[in-house]
Structure formats: structure tokens, C-alpha cells
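What follows is a short report on a single structure.
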Amino acid sequence: MSAAGVPAVARPARAAPPADGCERPFGPVVIGPGDPRYDSLLLSHNRRFRGRPQSVQVVGSAEQVAEVVGRAVATGRRIAVRSGGHCLENFTASPEVETLIDLSPMSGVTYDERRRAFAVGAGATLGQVYKALFTGWGVTIPAGSCPSVGVGGHITGGGYGFLSRRYGLAADHLYAVEVVVVDASGRARVVVATRDAGDPERDLWWAHTGGGGGNFGVVTRFWLRSPDGAPDGAPDGAPDGSPGADGTDPARLLPKAPAAMRRRIVMWPWESMDEKTFSRLLRNYCDWYEANSAPSSPYAALWGVLLASHRSAGQLGFIVGGDAGVAGVESLMAAHAKAVTAGIGIEPASDTLELLPYLDEANWVNEPAGRSKNKAADLRKGFTDRQIAAVYRHLSREDYTNPGANLSLTGYGGRINAVASDATATATRDAILRAYFTTGGWASPDDDARHIGWMRDFYRDVYADSGGVPVDGPVNAGSYINYADADLADPKWNTSGISWETLYYKGNHPRLQKIKKRYDPRDVFRHTLSVRLPK
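Residue numbers 1 to 535, in full-length UniProt numbering, belong to the letters of the sequence shown in order.
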């Protein structure tokens, strides 16, 4: 114990001041109620949730995080951690949170020669990471399509995006993670865990490859490097025989970034769609992914999304795209579009082909902040006929109008499914599609009941055969922790008898609990859907 009665903090060695006179890391800055900066620092993407912590601790190093965590534990204050602020539930904005740790200054992206990996601060956004990796070394990671999302929560939940069918999940390229954890005595310490087989901390690395954020400690830094020997930065087993991520050239240690992206966008007017044509479109789309999602398929080079908007939006359609540098990518895209549009019998309102530089903002999805409710599910096969009928029914309801409401079906599978279900904490390694149900955003709390009610009815109807949730089976494959949905833990909305832990983590959950017990025995890091200590 220190003289003040606060548990000692295990501090990493402080580096000597650089000879060039560079300043020390930012912070810490402590901001509380009454400070003119306070309200701005509480803003999150989902405006339904806004906490009132006693303080926001803006930090710039792992050492500062350890000090903040140590003080909070000693004084019994509930902790939450935020990087990008895109949490879909109230994990960082719960009324119970008293100390909010803001990692946003920790956004550096550098190459670490000693670890032969790219060091990324946990407060960086995906957009910052993509730009730094691309401009510095011509590489990238197969992560999300929204550039304002923070890597701290994204990678720890697995992370996927439009290059994932080709290169796997973002977490498949995680070499090491730096985490501030708290032992049974309340002592905060900094741990670096790697995927190296002999690393005694390897379990902590494993937990952060899909176990979700806010469960085991505060992630302060990631090191990214594709698995050793993985051709062209892809997960092990890619067939092309090219050199892998086992050298020293930084430009070969992560997937090569596309110079440009090709994409095709096909849209129809909703007014031209009846149930028969809508069902044919959805069935075609699902059938294509069933047939073309093997890791070795040439179509793994494509990404795509079906945007099934509510009828009030006026149109719906699909996007397919790929790295313009892939041989024959135009032919692959054409074959995809031909299969999806077969038998529709309706002329599209628009059919456009684009070629965009990789960092062109048009390639990325910038969803505006607002009040929202979102749900997700993974599919091993396409929706059943009954499920498709339910989708049509809710997207064409006349008693509910909301142009922002939609179901998007994003291509999954490919190289994602080349990894064993227990090799990382991401257990879903046999899905072909990821469904994202969203209301979009709205502004007034007076509209909460209307929008949330529609979303809950929609989701429960689609999964009516399995207790209102996507229970593992021939078609459904559970859900995705980064699209957190507290309803899965509520018996009112989950009547399946299957726990939310199983829906998210499947057989990996018991191992996650053991890791929780080892690294967070006091359950310091917890939220509505956090991994629980074993009983």
C-alpha cells in the first residue's frame, strides 16, 4: 500500500525523454461536471445513452491508465473505457459508471521493429489506422467500413469489413495486445500478451480476438501482424504460395492495401416490388453466398451488402465490390450481379459501376449519430421462406414509416471460415452472411417506443422458430458481440432458453470465463453483456 492507502500501481518503465525534446505523452486530464468540456466528452454515437460520471479521465499512456484504474479501484468507483464511442448499448454510459477513461489521445500508428508489428494506440479510429498504414507502408487490415469507429472495441470483438472474405477478421491479424489489468489485491498492472505459443500471457491475447471490449482490463495498444507464413497477409492456408508475414519488411507483414476499389450498385424502386419479387431477390442473394463462400473460392475476393430498406425509403438494392487489382474482378462482379438479379423481372432504377481510390470517402460508411436500436445475427445458410416472408412484412409495414430503417445482409465467410472456431475467441467460423437490423437514427426521445417497438417485433418475428433469437442451427449461427444487444439477455425477448453468452460465444465462453477469473478476479471491468466470473 502507498502512504495514501491506495494499492500500488505496477508502472511500466518510463522511457527517457527523447533527445530531440519531444513532449511527454498527452495527459492525464481530469474533467468533471461543471467543466465546459464535460458534456462534449460524453457524446456517443447512440444518443439514447448518456452517462454522468464523476469524472472523465483523458489519458495518453498505459502508465496513466494504470494510475487512473488503481485510484478508481481503491476508492470503489465503477470504471468504463471508451475509444471511439460507437457502443450500441449503454456499456460506457451506464448511470453506474463513475470514472470514464477516454483513450482518444492514444491514437498513434507506428512500426515496432522489435516485434516486427505495427503498434496501434487503442484510441485510434479505423480511419486513422487505414490512412497511416496505407500512406506509410501500403498495407491495411480487414476491419470495419465506418472510419469513425474506435479500434479499441472493434478489434477486441473480432472486427470485420469489406476485405474480410479475402483476408479474414481484423483479430486474425492481431499479434499482441497491451492491457491494464487488476489483480485480486486491487493492484493495477500493465500486461503485454502475444500469440506466441510459449507466451505465459497468451490466453489474454486470445480473449481479445473476439471476446469483446470491457471484459478483462483496459486495452491500451495493439500490435498488428499477419500470422507467420500466411501468404500475402492472409490467414494460414491460403493457396497462392506467395511469401508470408515472416520477414522483416513492414510492407509484407499485413495485407497489401488495394490501390483502388471497384464496386457496382444496383437499386430498384420499392414501389415496383411485391412480395414475390422481393422474396426472389432475397433468395437469390442468399443462394449466391451459400454457393460462393468457401475459403478457396475465387469469389472470396468480393465483398457485398444487400440493403433492404423500409419501403418508406423509396428504394432498395445491393452493392458488390472488390480490389481493382484482383485479376478478373470485373467478371466476378458481373457473375454475382447476374445471379442476384436473375428472374427479378423489374428494371433497376439505377445500375452504376465505379472505380474509386482506396481512401476515397465514398468507399466508407459514415453513419450519422442519433438515437438508435440495432440487432444482429449470423447465418450459416440463407433465410428460410418463413423468415423471408417476415422480413418483407416488417419492411413494408404501412403503420410504421422510417426511411432509415433497414436490414443489411453483408457477405461473410471466405477466409474468415479458414480459421478453427477455438483458434481465436471468435467462435463463428462457418457463417456466410451477417445480418444487421437497424432503425437508423432518430432525434427525439418521444419516438423511442415507436422505433424500438418496431425493431423488437421485426427481429422476434424473423427468429420466431427459435425463441425470438438466432439460436445455432442449420440456418442461424448466433450473433456478433460488437453489435451488442441487451435484449438477448432479457427473457422477455429471448424465450429460447439459450443464454446470451452462448449466442455470442458458443463453446468459447467457458474459456473466456477462466481468463476473466485470472485477469479480472474482482470483476472491475463489467457491463450489461460482460463476461461473468465462473461460479
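The C-beta atom is built at its ideal place from N, Cα and C for all residues, glycine as well.
**Report entry** Whole-angstrom C-beta distance between Gly413 and Ala425, which should lie under 8 angstroms
**Finding:** Counted from its first residue, the sequence shown places residue 425 at position 425. Counted from its first residue, the sequence shown places residue 413 at position 413. Actually they are not in contact, since the Cβ atoms of Ala425 and Gly413 sit about 19 angstroms apart, beyond 8 angstroms.
Query - Segment limits, beta strand (DSSP E) that includes Trp303 - result: In the sequence shown, residue 303 corresponds to position 303, counting from 1. First-last of the beta strand (DSSP E) with Trp303: Leu302 to Ser309.
Query - Reduced DSSP category for Asp351 - H, G, I as helix; E, B as strand; rest coil - result: On the sequence shown, position 351 is the one that residue 351 refers to. Three-state result, Asp351: strand.
Query - Met333 - containing alpha helix (DSSP H), residue span - result: The count along the sequence shown starts at 1 and reaches residue 333 at position 333. Its alpha helix (DSSP H) spans residues Val329 to Thr341.
Query raised in the report: Arg429 and Ala420: beta carbons closer than 8 angstroms?
Result: As a first step, residue 429 is located in the sequence shown; it is residue number 429 there, counting from the start. As a first step, residue 420 is located in the sequence shown; it is residue number 420 there, counting from the start. Contact flag set, yes.
Query raised in the report: Who are the Cβ neighbours of Tyr459 in its own chain at under 6 angstroms, not counting the five residues just before and after it?
Result: The sequence position of residue 459 within the sequence shown is 459, counting from 1. Here the set comprises Lys375 and Phe437.
Query raised in the report: Which residues in the same chain as Val329 place their Cβ atom closer than 7 angstroms to its Cβ, once the five residues preceding and following it in sequence are excluded?
Result: Locating residue 329 in the sequence shown gives position 329, where the first residue counts as 1. Once the five neighbours on either side are set aside, the close Cβ partners of Val329 are Arg262, Ala301, Gly322 and Asp323.
Query raised in the report: Do you know how far the Cα of Met455 is from the Cα of Tyr392?
Result: Here the question's residue 392 lines up with position 392 in the sequence shown. Here the question's residue 455 lines up with position 455 in the sequence shown. Roughly 14 angstroms separates the two Cα atoms.
**Report entry** Alpha-carbon spacing of Arg280 relative to Pro298, whole angstroms
**Finding:** Against the sequence shown, residue 280 aligns to sequence position 280. Against the sequence shown, residue 298 aligns to sequence position 298. When rounded, the distance between both Cα atoms is 25 angstroms.
**Report entry** Contact set for Gly31: own chain, Cβ-Cβ below 7 angstroms, skip 5 residues either direction
**Finding:** By 1-based counting over the sequence shown, the position of residue 31 is 31. First, the residue type needs correcting, since residue 31 is Ile and not Gly in the sequence shown. Excluding positions up to five away in sequence, the list reads Arg37, Tyr38, Leu41, Ser55, Val56 and Val58.
Requested in this report: Could you tell me the distance, in whole angstroms, from the CA atom of Thr125 to the CA atom of Gly161?
Outcome: As a working note, residue 125 is residue 125 in the sequence shown. As a working note, residue 161 is residue 161 in the sequence shown. About 14 angstroms.
Query raised in the report: Taking the C-alpha atoms as reference points, what is the distance between Met106 and Ala122?
Result: If you number the sequence shown from 1, residue 106 lands on position 106. If you number the sequence shown from 1, residue 122 lands on position 122. Going from the Cα of Met106 to the Cα of Ala122 covers about 6 angstroms.
Query raised in the report: Does the beta-carbon of Asn363 have 16 or more other beta-carbons within 10 angstroms, so that it is buried, or is it exposed?
Result: The residue labelled residue 363 in the question sits at position 363 within the sequence shown. With 16 or more other Cβ atoms within 10 Å, it is buried.
Query raised in the report: Quick one: is residue 540 buried, meaning 16 or more other Cβ sit within 10 Å of its Cβ, or exposed?
Result: Residue 540 cannot be examined here, being either before or after the span of the chain that is shown, 1 to 535.
Query - Unbroken stretches of the alpha helix (DSSP H), 4 residues or longer, contained in the segment 44-86 - result: 62-74
Query raised in the report: So, using beta-carbon positions, are Gly478 and Asp485 closer together than 8 angstroms?
Result: Locating residue 478 in the sequence shown gives position 478, counting from the first residue. Locating residue 485 in the sequence shown gives position 485, counting from the first residue. Result no, Cβ atoms of Gly478 and Asp485 do not sit closer than 8 angstroms.
Query raised in the report: Candidates Glu501, Leu353, Arg283 and Ser104: which alpha carbon is nearest Val149's?
Result: Counted from its first residue, the sequence shown places residue 149 at position 149. Val149 has its Cα closest to that of Ser104, out of Glu501, Leu353, Arg283 and Ser104.
Requested in this report: Write down the C-beta distance between Val179 and Phe118 rounded to the nearest angstrom, noting that I regard them as a contact closer than 8 angstroms.
Outcome: Here residue 179 refers to the residue found at position 179 of the sequence shown. Here residue 118 refers to the residue found at position 118 of the sequence shown. Actually they do not touch by this definition, with Cβ atoms about 18 angstroms apart.
Requested in this report: Spatial neighbours of Lys516 within its chain, please: CB distance less than 7 angstroms, with the 5 preceding and 5 following residues excluded, ordered by chain position.
Outcome: For the purposes of this step, residue 516 is taken as the residue at position 516 of the sequence shown. Excluding residues within five positions, the ones whose Cβ falls inside 7 angstroms are Asn215, Phe216, Val531 and Leu533.
Query raised in the report: When we look at the beta-carbon of Pro445 and count the other beta-carbons within 10 Å, is it buried (16 or more) or exposed?
Result: Position 445 of the sequence shown, counting from 1, holds the residue named residue 445. Burial call: exposed.
Query raised in the report: Per DSSP, which one or two residues make a beta bridge with Glu290?
Result: Counting from 1 along the sequence shown, the entry for residue 290 is found at position 290. DSSP output for Glu290 lists no bridge partner at all.
Query raised in the report: Does the beta-carbon of Ala197 have 16 or more other beta-carbons within 10 angstroms, so that it is buried, or is it exposed?
Result: Along the sequence shown, one-based indexing puts residue 197 at 197. Burial call: exposed.
**Report entry** Start and end residues, beta strand (DSSP E) containing Pro269
**Finding:** Position 269 of the sequence shown, counting from 1, holds the residue named residue 269. Ala260 to Pro269 is the span of the beta strand (DSSP E), which, as asked, contains Pro269.
Query raised in the report: When you compare only the Cα positions, how much space is there between Arg450 and Asn284?
Result: Sequence index remark: in the sequence shown, residue 450 carries index 450 (1-based). Sequence index remark: in the sequence shown, residue 284 carries index 284 (1-based). Looking at the two C-alpha atoms, the distance is approximately 32 angstroms.
Query raised in the report: From Ala257 to Arg166, what distance separates their C-alpha atoms?
Result: By one-based count along the sequence shown, residue 257 stands at place 257. By one-based count along the sequence shown, residue 166 stands at place 166. Near 12 angstroms, if we compare the C-alpha coordinates of Arg166 and Ala257.
Query raised in the report: Can you name the residues that DSSP bridges to Tyr436?
Result: What you label residue 436 is simply residue 436 of the sequence shown in a count that begins at 1. DSSP lists Ala376 and Ser408 as partners of Tyr436.
Requested in this report: For Thr248, I'd like the list of residues in its chain whose CB is within less than 7 angstroms of its CB, leaving aside the five on either flank, ordered along the chain.
Outcome: The residue you call residue 248 lines up with position 248 of the sequence shown. Closer than 7 angstroms at the Cβ level, and outside the excluded window around Thr248, lie Arg116.
Query raised in the report: To which residues of the same chain is Val97 closer than 8 angstroms at the C-beta, ignoring the five residues directly before and after it?
Result: Numbered from its first residue, the sequence shown carries residue 97 at position 97. For Val97, where only same-chain residues beyond five positions count, the Cβ hits under 8 angstroms are Gly51, Pro53, Arg78, Ile79 and Ala80.
Report task. Give every residue of the same chain whose Cβ lies closer than 6 angstroms to the Cβ of Gly21, excluding the five residues on either side of it in the sequence, and list them in chain order. Result -> Start at 1 with the first residue of the sequence shown, and residue 21 comes out as number 21. Bear in mind that a pLDDT of 49 at Gly21, under 50, signals an unreliable position, so the model cannot answer this.
Query raised in the report: Nearest CA to the CA of Ile481: which residue from Gly210, Ala464 and Val65?
Result: Within the sequence shown, the letter at position 481 stands for residue 481. If we check each option's Cα against that of Ile481, Gly210 comes out closest.
**Report entry** Assigned secondary structure, Pro403 (DSSP; H/G/I helix, E/B strand, else coil)
**Finding:** On the sequence shown, residue 403 is found 403 positions in, with the first residue counted as 1. Correct three-state label for Pro403: coil.
**Report entry** Residues near Tyr400 by beta carbon distance below 6 angstroms, same chain, minus five either side
**Finding:** The residue labelled residue 400 in the question sits at position 400 within the sequence shown. So the qualifying residues of the chain are Trp454.
Query raised in the report: What number of angstroms, rounded off, separates the C-alpha of Ser272 from the C-alpha of Ser309?
Result: Residue numbering aside, residue 272 sits at position 272 when the sequence shown is read from its first letter. Residue numbering aside, residue 309 sits at position 309 when the sequence shown is read from its first letter. Each residue's Cα considered, the two are about 14 angstroms apart.
Query - DSSP three-state assignment for Gly519, whether helix, strand or coil - result: Working through the sequence shown from its first residue, we reach residue 519 at position 519. Reading the sequence as shown, one finds Tyr at residue 519 and not Gly. Three-state result, Tyr519: helix.
**Report entry** Cross-strand partners of Tyr111 (DSSP beta bridge)
**Finding:** Position 111 of the sequence shown, counted from the start, is the residue given in the question as residue 111. Note: Tyr111 sits in a beta bridge opposite Phe118.
Report task. Pick helix, strand or coil for Ile101, following the three-state DSSP scheme. Result -> Position 101 of the sequence shown, counting from 1, holds the residue named residue 101. It is a strand residue.
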